[in-house]
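Single-structure report; data block below.
Number of protein chains: 2
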Amino acid sequence: MSTTDIKHYMQSVGREARAASRLMARAETAHKNKALIAMADAIRRDEQKLLAANAKDLDAAKAKGLEAAMIDRLTLSQKGIANMAEGLLQIAALADPIGEITGLSYRPSGIQVGKMRVPLGVIGIIYEARPNVTADAAGLCLKAGNAAILRGGSEAIHSNQAIATCVREGLATAGLPETAVQVIETTDRAAVGELVTMQEFVDVIVPRGGKGLIERISNEARVPVIKHLDGVCHVYIDDQADFDKAIKIADNAKTQRYGTCNTMETLLVHRGIAEKVLPALGKIYLDKGVELRGDDASRAIIASMNPATEEDWSTEYLAPILSIRIVDGLDQAIDHINRYGSQHTDAIVTENYTRARRFLREVDSSSVMVNTTTRFADGFEYGLGAEIGISTDKIHARGPVGLEGLTSQKFVVLGDGQVRQ
Amino acid sequence: MSTTDIKHYMQSVGREARAASRLMARAETAHKNKALIAMADAIRRDEQKLLAANAKDLDAAKAKGLEAAMIDRLTLSQKGIANMAEGLLQIAALADPIGEITGLSYRPSGIQVGKMRVPLGVIGIIYEARPNVTADAAGLCLKAGNAAILRGGSEAIHSNQAIATCVREGLATAGLPETAVQVIETTDRAAVGELVTMQEFVDVIVPRGGKGLIERISNEARVPVIKHLDGVCHVYIDDQADFDKAIKIADNAKTQRYGTCNTMETLLVHRGIAEKVLPALGKIYLDKGVELRGDDASRAIIASMNPATEEDWSTEYLAPILSIRIVDGLDQAIDHINRYGSQHTDAIVTENYTRARRFLREVDSSSVMVNTTTRFADGFEYGLGAEIGISTDKIHARGPVGLEGLTSQKFVVLGDGQVRQ
Chain U
1 MSTTDIKHYM QSVGREARAA SRLMARAETA HKNKALIAMA DAIRRDEQKL LAANAKDLDA
61 AKAKGLEAAM IDRLTLSQKG IANMAEGLLQ IAALADPIGE ITGLSYRPSG IQVGKMRVPL
121 GVIGIIYEAR PNVTADAAGL CLKAGNAAIL RGGSEAIHSN QAIATCVREG LATAGLPETA
181 VQVIETTDRA AVGELVTMQE FVDVIVPRGG KGLIERISNE ARVPVIKHLD GVCHVYIDDQ
241 ADFDKAIKIA DNAKTQRYGT CNTMETLLVH RGIAEKVLPA LGKIYLDKGV ELRGDDASRA
301 IIASMNPATE EDWSTEYLAP ILSIRIVDGL DQAIDHINRY GSQHTDAIVT ENYTRARRFL
361 REVDSSSVMV NTTTRFADGF EYGLGAEIGI STDKIHARGP VGLEGLTSQK FVVLGDGQVR
421 Q
Chain Z
422 MSTTDIKHYM QSVGREARAA SRLMARAETA HKNKALIAMA DAIRRDEQKL LAANAKDLDA
482 AKAKGLEAAM IDRLTLSQKG IANMAEGLLQ IAALADPIGE ITGLSYRPSG IQVGKMRVPL
542 GVIGIIYEAR PNVTADAAGL CLKAGNAAIL RGGSEAIHSN QAIATCVREG LATAGLPETA
602 VQVIETTDRA AVGELVTMQE FVDVIVPRGG KGLIERISNE ARVPVIKHLD GVCHVYIDDQ
662 ADFDKAIKIA DNAKTQRYGT CNTMETLLVH RGIAEKVLPA LGKIYLDKGV ELRGDDASRA
722 IIASMNPATE EDWSTEYLAP ILSIRIVDGL DQAIDHINRY GSQHTDAIVT ENYTRARRFL
782 REVDSSSVMV NTTTRFADGF EYGLGAEIGI STDKIHARGP VGLEGLTSQK FVVLGDGQVR
842 Q
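Order-wise, the sequence lines are chains U and Z. Residue numbers for the first sequence follow my numbering, so the first one is 1 and each next one is one higher. Residue numbers for the second sequence follow my numbering, so the first one is 422 and each next one is one higher.
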């Protein structure tokens, strides 16, 4: 398609989405759930078709010489397909957030004022290789009463279109507009440029992918973006920490999974407890093959550690690497986190009441924790149900973004003929 | 100042604001209230100084030949000064939103998850002539634990600086950083361009002023903007409306004040009740000097009406002008509002339960009302306390934006050593 054609195509997608969003906003809960269940059924039934479409993408990816991690993310297994269907059924089981009225209270004028939860409208999702995002994002947007425009990675185009067919079938089965979920058919980058600037048709953009993708989109966008940049997460072990909890948490936060955004990247240890906890932790990490990088003080305790550079403190490794720093106390720990962290998820291990309270209040991150692991920071663990992403922004949504993050609230005012004097 | 100097100046203002915001985030409620009260005291004490500074601005404005409405907005009276001080005392009396923890509940893993209300950080306010915004905005930002950067209109520079002196004195009295509220000292437009693009130092921009200002800022901004564009508000009189309520509400929504954003600009009347209500309403409006513009059907009932053009339906008159249209029923009324309205405030007058419910759910505006006047849409009437503006956006804040709109929520997680399996 030429640039002009892409503009026309995207404008038409946007117009359809806006029209569909009006119908979705008033769709009944039962119809939305019926669509989700029908989508799940279609995905299970079409397992072979989805695998075949995915094989096409995988062949092309291998021919292009894409790296192994990318091919891994691109691959749809039978289990992955079953999980997609299961995810849609879980979304169907969540309470419908739309229409909920809260805080309806009488004012001195006699009017009654409250808030009603409403959809955002049209949500644009831009993502990279993982085809399962097509089903997850469609399901979440639909349940929250929105229309969605999905733009997956070009390398997943056949998989995404095959999933989109199941999604459309589900919408049609429930009598909902098929245009409520549209998957962009062109792999041209210009389509993204259009999507993120169509202010009249798109209410919010959610990019999911690497930092590069997200920065590019944030810079181009004229539509609000709910974004997640780095996850440089910390655990701070206070000198009043319980020893067993400290070891268990610092181990789990780093080694339970290395590649997730809520994995600890820097361990901060109070000087007064360093000699006690670091040898034990050092052994655990080194046994598991974690490379350690430390400041001078921690290297004096664990010999086989590389020196940490200034850059290490703000690096999201997403790998078996951990930086360690010894601090003088709570103030220095909080300063370190607010300076080098990415406002994602940070935890303190302490038995001290006042320090726990101060950490919760003063660390400026989307999740702040006491005596537990940063790995808990996700939508399922928080009870939000599925998540569309984790926001490191402060506006609109912070932390794991589930159904509620895809909604807004309007004021409702009930009167009996009152007027303003 | 040269463009380079302005860039340096603004960067330095931004850096100071970011540093101050960290201190403000953990400021105690008592200290914030003390600052607000000391500001109010200083403003009352400096009444003569404020009047003298304002006189300078007024002289310059008159010399420049600014229009009367602008001079009216620029003028600080003794009463205006007393109201500014009173406004600050009212903010001091509001509950502190910061630190409030809600929904702290146990998850199956044993962790307890809730949300804590936290400041946004640094808020940039860009406004036009009214100098009282300097005190109002400073007070609201401070109470919500933020640092503020204020950029008033160049025509109010002396008034704003005089008010800023009182604000700084209040902060100092309470031991809070004076840089928590900074008033930009240059009137150069380039300073605004810097302010709305300093992503590292500014978390959100709130523009207050005419549509031109707001559109310009939205287009330039790289920082999120909480904005309020038009107020094209509607009242729909259903054929099952109570006659007396309909007359009272339609009168009040238009004529109680003409220049406010929540004033009705278009009246929609059900065909079945038009012959009954329009003659009575027409008389009221014409007696008060309101110019009426109608569709053919309504002009057949009220003779002295000009024809409404397509443009009228989407015009915010802010003046004694009203457009009137007769519709076939609720569906057409909702379609009209969603098509021509500005998603600000819209009301239905009806005794019909189902239609009232449908109107509340299906009209996509920041305030939707039953049997009361659009004029109630403001922060004080809704019980939010003072408002920093009315948002017609859907992201983050919708409708009147008070203290809560200047905050965010982070997740707090309390554990007892739990880790993820």
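Cβ coordinates follow ideal geometry from the N, Cα and C atoms, glycine included.
Going by beta carbons, U:L150 and U:V183 fall inside the 9 angstroms limit.
The beta-bridge partner set that DSSP reports for Z:S442 is empty. When 8 angstroms is used as the limit between beta carbons, Z:D663 is near these residues of chain U: G417, in chain order. A Cβ-Cβ distance of about 5 angstroms is found for the pair U:C233 and U:H344, placing them in contact under the 8 angstroms criterion. The DSSP-derived three-state label of Z:D814 is coil. Inter-residue distance for Z:D663 and Z:L688 is about 16 angstroms (C-alpha atoms, whole angstroms).
Closer than 9 angstroms to the CB of U:R420 there is at least one CB belonging to chain Z. Scanning the stretch 707 to 734 of chain Z for uninterrupted alpha helix (DSSP H) segments of 4 residues or longer gives 717 to 720, listed from N- to C-terminal end. With 16 or more other Cβ atoms inside 10 Å of its own Cβ, U:L142 counts as buried.
A contact between stretches requires three or more CB pairs, one per stretch, nearer than 8 angstroms, and the stretch 69 to 77 of chain U fails this requirement with the stretch 167 to 185 of chain U. What U:T373 touches in chain Z, judged by beta-carbon distance under 7 angstroms, is V840 and R841, going in chain order. Contact between the stretch 293 to 309 of chain U and the stretch 190 to 199 of chain U is absent, with fewer than three C-beta pairs closer than 8 angstroms. Contact with chain Z is found for U:N252, since one of that chain's Cβ atoms lies less than 9 angstroms from the residue's Cβ. Under the three-state reduction of DSSP, Z:I546 is assigned to strand.
Contact between U:T165 and U:N252 is ruled out by a C-beta separation of about 41 angstroms, above the 8 angstroms threshold. Interface criterion met: the Cβ of Z:V539 is under 9 angstroms from a Cβ in chain U. No Cβ-Cβ contact shorter than 9 angstroms links Z:I532 with Z:A568. Under the rule that a run must span 4 or more residues, the alpha helix (DSSP H) segments found entirely inside the stretch 163 to 236 of chain U read 190 to 195 and 211 to 220.
The three-state reading of DSSP puts U:E265 in strand, counting E and B together.
When rounded, the separation of the alpha-carbon atoms in U:A42 and U:N160 is 14 angstroms. The stretch 814 to 830 of chain Z and the stretch 401 to 410 of chain U touch, with three or more beta-carbon pairs separated by less than 8 angstroms. Along the stretch 359 to 371 of chain U, going in chain order, the ones with a CB nearer than 8 angstroms to a CB of chain Z are L360, R361, E362, D364, S365, S366, S367, V368, M369, V370 and N371. Within the model, the alpha-carbon separation for Z:G520 versus Z:M537 is close to 6 angstroms. Judged by their CB atoms, U:I390 and Z:L541 are not nearer to each other than the 9 angstroms cut-off.
Straight through space, the alpha carbons of U:M24 and U:R130 are spaced by roughly 26 angstroms. Using a CB distance below 8 angstroms, no part of the stretch 697 to 731 of chain Z faces chain U. With the criterion set as a beta carbon lying under 7 angstroms from some beta carbon of chain Z, the members of the stretch 212 to 238 of chain U are P224, in sequence order. A Cβ of chain Z is located within less than 9 angstroms of the beta carbon of U:S105. Within the stretch 488 to 569 of chain Z, the runs of alpha helix (DSSP H) that reach at least 4 residues and sit entirely inside it are, in chain order, 489 to 495, 499 to 514 and 553 to 564. Each of Z:R466, Z:N454 and Z:I584 was checked against the Cα of Z:Q511, and the nearest Cα belongs to Z:N454.
For the stretch 434 to 455 of chain Z, the beta-carbon criterion of a distance under 8 angstroms to any beta-carbon of chain U is satisfied by R443, A446 and R447. For Z:A768, the enclosing beta strand (DSSP E) covers residues T766 to V770.
Z:A440 and U:I334 have their C-alpha atoms spaced approximately 14 angstroms apart. Z:G762 is outside the set of residues whose beta carbon lies under 9 angstroms from a beta carbon in chain U.
Secondary structure note for Z:F832: its beta strand (DSSP E) is the uninterrupted segment T828 to L835. The closest CA to that of Z:A798, considering only U:L50, U:V13, U:V113 and U:A63, is found on U:V113.
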